[in-house]
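In what follows, a structure is listed as structure tokens, so that the remarks can point back to it.
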Amino acid sequence: MGVGMSEVVSAQWLRQRLESGAECAVVDPREEGAHSVSPHLFHAVNLPLSQLELRVERLFPRRDVPIVVAGAGDALDERARRRLQELGYAGAVRLEGGSPAWAGLGLPLFTGFNTASKAFGEYVEHGCATPSISADELREMVASGRPLVIMDSRTPAEHRRATIPGSVSAPGAELVLRYAELAPDPHTTLVVNCAGRTRSIIGAQSLINAGVPNPVFALRNGTMGWALAGHKVETQSARQAPEPGAATLALAQQRAAAVRRRFGIGAIGAAELQRLRAGGERTVYLFDVRTQQEYERGHVPGAVHAPGGQLVQATDSYVAVRNARIVLYDHHGVRDVMTGSWLRQMGHEDVVTLRADAVSAAQLAAGPQAVRVAGLDGARARRLAPAEAAGSLAQYTVVDVGAYRDYQAGHLPQAYWVTRARLAEALDGLPADWPLLLVSPDALLAQLACADVTASAARPVYVLEGGMARWRAEGRPVEEGDGRPLHEPDDAFVKPFEARDRESSMQAYLDWEVGLLDAVQRHPAIRFDLYKE
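Be aware that the sequence shown starts at 3, since it is given in this note's numbering, and climbs by one per residue.
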């Protein structure tokens with residue numbers, strides 16, 4: 003990778019690497035919440051040390067890719083680098099001085115989560131002049147009786163939680179595929195909404211790029227803008243855009259074919275995919291961009307489920323390696339093309355689709371996405387069955403190392419909470435009279451945490467067998483609420499509508515999104531490139 007056996011690289015080296023077009027990844031090992039509020043590199047993918055083994059194999063299919071750990075420049079960075087090396091990622095190094103060293107080159111740092119995708123949305127709106135309407139304008143449009151369809155481009159779960167009254171769930175990549183089932187009349191106005199800005203903009207512009215004849219608008223500022231304007235959201239909506247009929251599918255495929263030609267999206271077959279994956283000299287991602295139900299009915303073996311809208315909205319949650327090869331799959335040949343067109347414009351130049359006939363029905367794998375945990379075989383742990391633990395719980399110091407939100411929703415009675423990365427330092431402050439019992443939702447994280455501290459803990463360490471899932475399934479008692487956290491919870495990005503002061507948080511978030519445009523236009527290593535007619 004050009005750094006020999008060095009364990010550190012300079013900020014100047016990293017800058018040159020990012021600008022070179024060669025493969026490279028930058029990771030921030032802080033917890034998700036800490037990452038979102040702390041200045042970090044634009045290209046930094048959040049890979050919390052606490053979760054590293056659960057995510058690393060999916061983010062890094064190739065073990066010798068250069069990975070630069072660039073957090074705050076403290077001991078956490080070095081711990082993450084060492085752990086990556088232990089797991090076989092030989093190209094893992096640390097950015098000397100961390101993110102402050104990057105800023106020392108006069109380059110900007112960013113806050114927020116999935117920042118690159120959010121910035122791209124602003125770039126698209128500015129460059130394409132994507133039409134938009136305000137919440138009040140939409141309300142007036144609805145009241146006027148004008149033929150109108152509102153499509154919620156977020157995930158079905160987000161749509162159910164809170165949406166614009168009357169909207170229909172049509173997650174990002176589904177829009178071009180399904181819109182004509184909802185609006186067969188080309189005079190019907192289409193309005194695309196999300197929670198804030200990005201998915202509304204990308205969704206509306208997708209329809210425009212596909213040549214949809216209807217009037218198309220993004221709802222400016224989404225459900226947050228709707229709420230800030232004093233309007234009520236709808237909850238528990240189960241409305242979904244229907245599956246495309248034969249005529250709708252044929253039209254969508256025709257439009258996608260035009261997009262494929264315009265954006266230069268190639269297609270490969272099974273032999274080429276096998277060659278790419280066997281080569282080893284390049285990172286190859288294979289994403290199934292269809293719905294979860296379609297994925298579970300049958301998917302290409304080894305494909306990661308990444309619904310197209312989310313792959314564009316949260317690209318860094320799926321693609322960690324810059325300049326990797328990306329292969330997209332949709333048996334209809336629509337969602338893969340639309341997703342690929344956006345990834346190309348985001349700077350991911352090597353994007354192709356997998357032809358629908360590349361894999362036969364008999365070759366597809368059924369079922370949910372497999373969980374791959376690196377280093378689990380070496381994480382030995384003594385297990386305690388729930389029945390045994392329940393009868394003697396007072397004789398253990400119970401520590402939950404799962405997500406704090408899961409802990410709040412239900413934890414073992416009197417359990418403490420801590421992130422796995424901070425467990426070792428927290429042990430000194432815990433009662434030392436009893437053995438340690440570690441808990442997490444499915445026991446995987448607890449097993450990894452057990453391996454972290456067993457050698458240094460001056461007491462026996464156990465893992466609750468089956469985790470909270472089995473404990474609950476057996477009908478055992480749980481406590482809800484804030485409980486006993488051993489430090490300020492920082493493991494999750496706090497969405498604006500989850501904040502204590504929702505109104506000011508929503509406005510601050512929207513202001514942050516809009517402000518990203520100026521910052522990215524001044525950044526030399528950001529390669530957004532809009533393909534215009």
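Where a beta carbon is used, it is the ideal one built from N, C-alpha and C, also for glycine.
Per DSSP, what are the beta-bridge partners of Asp154 in this structure? According to DSSP, which records beta bridges pairwise, Asp154 is partnered with Ser171 and Asn195.
Less than 8 Å separating the beta-carbons of Thr341 and Ala269? Taking 8 Å as the Cβ cut-off, Thr341 and Ala269 do not qualify as a contacting pair.
What's the call for Thr293, buried or exposed, on a 16-neighbour Cβ count within 10 Å? buried
What's the C-alpha gap between His307 and Asp484? 33 Å
If you follow the alpha helix (DSSP H) that Gly399 is part of, which residue opens it and which one closes it? First, the residue type needs correcting, since residue 399 is Thr and not Gly in the sequence shown. Per DSSP, Thr399 belongs to no alpha helix (DSSP H); it is in the beta strand (DSSP E), Thr399 to Asp402.
Would the beta-carbon of His233 fall within 8 Å of that of Arg156? no
By Cβ distance, which residues of its chain are closer than 7 Å to Arg279, with the 5 residues on each side in sequence left out? Val286
Give the straight-line distance between the Cα atoms of Gly4 and His350, rounded to the nearest whole angstrom. Below a pLDDT of 50, predicted positions are generally treated as unreliable, and Gly4, at 47, falls in that range; no measurement from the model is reported.
Indicate the three-state DSSP secondary structure (helix, strand or coil) for Ala471 in the structure shown. helix
6 Å CB neighbourhood of Ala36 in its chain, flanking five on each side removed: Asp492
Is the beta carbon of Gly266 within less than 7 Å of some heavy atom of the ligand PLP? Here there are no bound small molecules, and the ligand PLP is not part of this structure.
Indicate whether the contact test is met: 3 or more Cβ pairs, each with one atom in the stretch 54–66 and one in the stretch 126–142, closer than 8 Å. no
With 16 as the cutoff for other CB atoms within 10 Å, does Ser169 come out buried or exposed? buried
Neighbourhood of Ser8 by C-beta distance below 8 Å, restricted to the same chain and skipping five residues each side: If we look at Ser8 and ignore the five residues flanking it on each side, its Cβ neighbours are Val95.
Member of Thr399, Pro433, Val336 and Gln449 whose CA lies at the smallest distance from the CA of Arg385: When the alpha-carbon of Arg385 is set against those of Thr399, Pro433, Val336 and Gln449, the nearest one is in Gln449.
Going by CA-CA distance only, name the one from Asp332, Val302 and Leu288 that's closest to Tyr320. Leu288
Which two residues bound the contiguous alpha helix (DSSP H) that contains Leu345? Arg337 to Met348
Work out the CA separation of Val465 and Leu209 for me, nearest whole Å. 50 Å
Which residues in the same chain as Gly468 place their Cβ atom closer than 7 Å to its Cβ, once the five residues preceding and following it in sequence are excluded? Scanning its chain for C-beta atoms nearer than 7 Å, with the 5 sequence neighbours on each side dropped, one finds around Gly468 the residues Pro388 and Ala445, in chain order.
What three-state label does DSSP hand Pro246 in the structure shown? coil
Asp513 by DSSP, collapsed to three states: which one? helix
Separation of Arg422 from Leu414, as counted between CA atoms: 17 Å
Take the Cβ of Gln315 as the centre, count every other Cβ of all protein chains shown within 10 Å, and call the residue buried at 16 or more, exposed below. buried
Just the C-alpha distance for Gln416 and Leu395, rounded to the nearest angstrom, thanks. 9 Å
Check whether the Cβ atoms of Thr113 and Pro41 lie closer than 8 Å to each other. yes
Endpoints, alpha helix (DSSP H) assigned at Leu1: Residue 1 lies beyond the stretch modelled for the chain, which goes from 3 to 535, so this question has no answer here.
Should the stretch 82–99 be called in touch with the stretch 175–192, which here means at least 3 C-beta pairs below 8 Å? no
Is DSSP giving Tyr533 helix, strand or coil here? coil
Using DSSP's beta-bridge definition, name the partner residues of Asn48. Asp30
Could you check if Gly517 is buried or exposed, using at least 16 other CB atoms within 10 Å of its CB as the buried criterion? exposed
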